[in-house]
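Q: Got a structure for you, written out below as structure tokens; questions coming shortly.
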Amino acid sequence: MAESQRPKIKTRMIIEIAGRPKEHINNALKKTAEDFAKETKKVEVTSRKIREPKKVEFENIKKTDIFSGFVEFHADIEDFSTLVGLIFDWMPSSVEIVEPENISENYKELNGILNDLAGRLHRYDSLVKKLRAKTILLAKELAKFKKQPSPSEDKKD
1 MAESQRPKIK TRMIIEIAGR PKEHINNALK KTAEDFAKET KKVEVTSRKI
51 REPKKVEFEN IKKTDIFSGF VEFHADIEDF STLVGLIFDW MPSSVEIVEP
101 ENISENYKEL NGILNDLAGR LHRYDSLVKK LRAKTILLAK ELAKFKKQPS
151 PSEDKKD
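If you're matching positions, the sequence shown starts at 1 in the numbering used here and goes up one per residue.
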């Protein structure tokens, strides 16, 4: 089926934001609602609803000042590749394809999607490894100041 004949993918996505203070979460939710999918013409946001941040309750912690809220989007997306890109760019906590019931892609399109996915995963993996190495170095430097062995040195035994 030609690209222009394909039905758009109707989706529902939820992007959750947690942190503090409450005003910061409110501002972040508003900015997310404004900026979501703004940079692509392949996405039409049909509705957006901001859910007011609420205080997060933890079982073992009596007092907390962490707030969590979310933005719910309904969007019509031109193709599956764009949907996958949105998921990686915006990291929604929930994604639901409402329509169509069946989505078909040819192998060339799937190869492109899979290669983009693999490339992003490699970049994330590299970033995590670099951050982990920096964390270990910082822990060692901090241990020098405290004159105690660092956690990574304790694990060598």
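Backbone N, C-alpha and C fix where the C-beta goes; we use that ideal spot for every residue, glycine too.
Computed from a prediction, not measured in an experiment: that's the story for all the values here.
(1) Is SER47 helix, strand or coil when you go by DSSP?
(2) Below 8 Å, how does it come out for the stretch 38-50 and the stretch 80-95: are there three or more Cβ pairs, yes or no?
(3) With ARG12 as the anchor, note down where its beta strand (DSSP E) starts and where it stops.
(4) How long is the line joining the alpha carbons of SER104 and LYS49, rounded to whole angstroms?
(5) Less than 8 Å between the C-beta atoms of ILE25 and PHE67, yes or no?
(6) Around the Cβ of PRO92, are there at least 16 other Cβ atoms within 10 angstroms (buried) or fewer (exposed)?
(7) Can you check whether the CB of VAL98 is closer than 8 Å to the CB of LYS10?
A: Taking the geometry as given:
(1) As a working mapping, residue 47 is identified with position 47 in the sequence shown. If DSSP states are grouped into helix, strand and coil, SER47 belongs with the strands.
(2) yes
(3) Taking the sequence shown and counting its residues from 1, the one referred to as residue 12 is at position 12. ARG12 -> beta strand (DSSP E) spans 9-19.
(4) Residue numbering aside, residue 104 sits at position 104 when the sequence shown is read from its first letter. Residue numbering aside, residue 49 sits at position 49 when the sequence shown is read from its first letter. Cα-Cα distance, rounded: 30 Å.
(5) Taking the first residue of the sequence shown as 1, we reach residue 25 at position 25. Taking the first residue of the sequence shown as 1, we reach residue 67 at position 67. Yes, Cβ-Cβ distance for ILE25 and PHE67 is below 8 Å.
(6) Here residue 92 refers to the residue found at position 92 when the sequence shown is read from its first residue. With 16 or more other Cβ atoms within 10 Å, it is buried.
(7) As a first step, residue 10 is located in the sequence shown; it is residue number 10 there, counting from the start. As a first step, residue 98 is located in the sequence shown; it is residue number 98 there, counting from the start. Contact: yes.
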